[in-house]
Ligand SMILES: NC(=O)c1ccc[n+]([C@@H]2O[C@H](COP(=O)([O-])OP(=O)(O)OC[C@H]3O[C@@H](n4cnc5c(N)ncnc54)[C@H](OP(=O)(O)O)[C@@H]3O)[C@@H](O)[C@H]2O)c1
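Residue numbers (full-length UniProt numbering): 1 to 320.
Okay, here's the thing in structure tokens:
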């Protein structure tokens, strides 16, 4: 007997509109409420006098709440600060509330702290992220300890837990801070000292790659940012952005990594992309539209075939 075939998220219906592709259980994410071409401006609602002209300055990011995992980390705190500066509300996911209060001085009403340990499972994380978050930025990284599985628990399963929590809540925008060289083995970089060094600590890069692969198959609207070696000092050059599995050396200021993460929220050119970033003093300064726009988009469509009661999901990767 012929059995029906259901095509879920079939490219037939989404191929030409892949910017708007979304998992059936999630809310579509639009960059437009964050910023429109007409009002790409991030300051607080105000009226500005320019000569005799009066320009209405609208805070297009107001009301959008971003959950940041690993908010007390060196990159996480910069992401929080830059989000607030651009008018977003922030829910800072932290392991330690006291540390959070000392990390962020002042009493910003747009900043809220919630306890969130990514190893504690997706149900707890969904409670922490809550119905009111519009997007999640993950800036976690395992902290060295006696637990040799910590990188695997935090950088792989922890990130997967966050994405699962997003699916439960219908949050359809996810930005991950990963690392260059995560796919070093496939790049022929097995003997790159950085690849060896980082993998000595519990296969950190392999753990991150596993999480990336989960995100890409999940159907969530992602931007995976893979920075080179992180520096705490202010930017010394301009951002260089390359496609996945391209860069095998270089460094970048954490300020610029945070900037790329926040700008990814604002620019739809970053949707469904993996970008590698470093900074170089000789590189030209480019706009974020141009940087993100120069990277190919990749969309993974889940095709579900049902044969009677049996079902099988396969994935199709399409680049444009
Ligand atoms: N270091 C580099 O050169 C380099 C290069 C490329 C990519 N990266 C990656 O970039 C990311 C950010 O790096 P970073 O140096 O800025 O990070 P970091 O300062 O080490 O901060 C990591 C954050 O993750 C949090 N965290 C750890 N375990 C957690 C858990 N179980 N649940 C929730 N949060 C947890 C930490 O919380 P606490 O604040 O409570 O400790 C901390 O806030 C990391 O993924 C890192 O691997 C680093």
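Every residue gets a Cβ at the ideal spot worked out from N, C-alpha and C, and that includes glycine.
In this text the structure is predicted, and so the values were computed from the model without any measurement.
Straight-line Cα distance separating residue j from residue i
i: residue 186; j: residue 137; result: 27 Å
i: residue 254; j: residue 276; result: 14 Å
i: residue 287; j: residue 72; result: 28 Å
i: residue 132; j: residue 115; result: 16 Å
i: residue 68; j: residue 158; result: 13 Å
i: residue 87; j: residue 101; result: 20 Å
i: residue 120; j: residue 282; result: 44 Å
i: residue 251; j: residue 194; result: 12 Å
i: residue 134; j: residue 167; result: 12 Å
i: residue 180; j: residue 110; result: 32 Å
i: residue 295; j: residue 272; result: 10 Å
i: residue 262; j: residue 192; result: 30 Å
i: residue 154; j: residue 82; result: 24 Å
i: residue 130; j: residue 123; result: 11 Å
i: residue 169; j: residue 149; result: 28 Å
i: residue 284; j: residue 278; result: 13 Å
i: residue 246; j: residue 221; result: 22 Å
i: residue 209; j: residue 216; result: 11 Å
i: residue 146; j: residue 139; result: 22 Å
i: residue 45; j: residue 289; result: Because the pLDDT of residue 45 is 42, which lies under 50, any placement of that residue in the model is unreliable, and the question is left without a value.
i: residue 49; j: residue 160; result: Note that residue 49 scores a pLDDT of 48, beneath 50, so its modelled location is shaky and nothing firm can be said.
i: residue 174; j: residue 244; result: 17 Å
Cβ-based burial, residue i [other Cβ within 10 Å; buried from 16]
i: residue 188; result: exposed
i: residue 156; result: buried
i: residue 43; result: Because the pLDDT at residue 43 is just 37, under 50, the model does not fix this residue reliably, and the value given afterwards should be weighed accordingly. Per the 10 Å Cβ criterion, exposed.
i: residue 108; result: exposed
i: residue 227; result: buried
i: residue 190; result: exposed
i: residue 218; result: buried
i: residue 25; result: Reliability fails at residue 25, whose pLDDT of 47 lies under 50, so the model's placement of it is uncertain and no value is given.
i: residue 144; result: exposed
i: residue 249; result: exposed
Sequence-distant residues of the same chain with beta carbon closer than 6 Å to residue i, five excluded per side
i: residue 224; result: 176, 178, 212 and 274
i: residue 112; result: 91
i: residue 103; result: 72 and 77
i: residue 257; result: 75 and 227
i: residue 80; result: 68, 71, 90 and 92
i: residue 198; result: 204 and 205
i: residue 98; result: none
i: residue 230; result: 254
i: residue 105; result: none
Nonlocal neighbours in the same chain, by C-beta distance under 7 Å from residue i, ignoring five residues either side
i: residue 34; result: Bear in mind that a pLDDT of 42 at residue 34, under 50, signals an unreliable position, so the number given afterwards is only what the model happens to contain. So the qualifying residues of the chain are 60, 61, 64, 265 and 266.
i: residue 151; result: 142, 201, 202, 203, 204 and 207
i: residue 270; result: 223, 264 and 292
i: residue 117; result: 95
i: residue 259; result: 82
Cβ distance (whole Å) where residue i is taken to contact residue j below 8 Å
i: residue 291; j: residue 241; result: 4 Å
i: residue 182; j: residue 214; result: Residue 182 to residue 214, Cβ: 13 Å. No contact.
i: residue 128; j: residue 76; result: With a Cβ gap of about 14 Å, residue 128 and residue 76 do not count as contacting.
i: residue 280; j: residue 232; result: So it is not a contact: roughly 18 Å between Cβ atoms.
i: residue 126; j: residue 165; result: 4 Å
Residues near residue i in its chain [Cβ-Cβ closer than 8 Å; skip 5 each side]
i: residue 66; result: 83, 88, 89, 90, 91, 133, 134, 135, 136, 137 and 265
i: residue 234; result: 253 and 255
Check your understanding: Considering only residues of the region 115–194, which uninterrupted beta strand (DSSP E) runs meet the minimum length of 3 residues and lie entirely inside it, listed in chain order?
Key -> Every unbroken stretch of the beta strand (DSSP E) spanning 3 or more residues and falling wholly within the region 115–194 is given here in chain order: 135–138 and 174–177.
**Study point:** Segments of 4+ residues assigned as alpha helix (DSSP H) that fall wholly inside the region 204–275
**Key:** 204–218 and 254–266
Exercise for review: Give, in chain order, every unbroken run of the alpha helix (DSSP H) that is at least 4 residues long and sits entirely within the region 57–110.
Suggested key: You should have 74–85 and 97–103.
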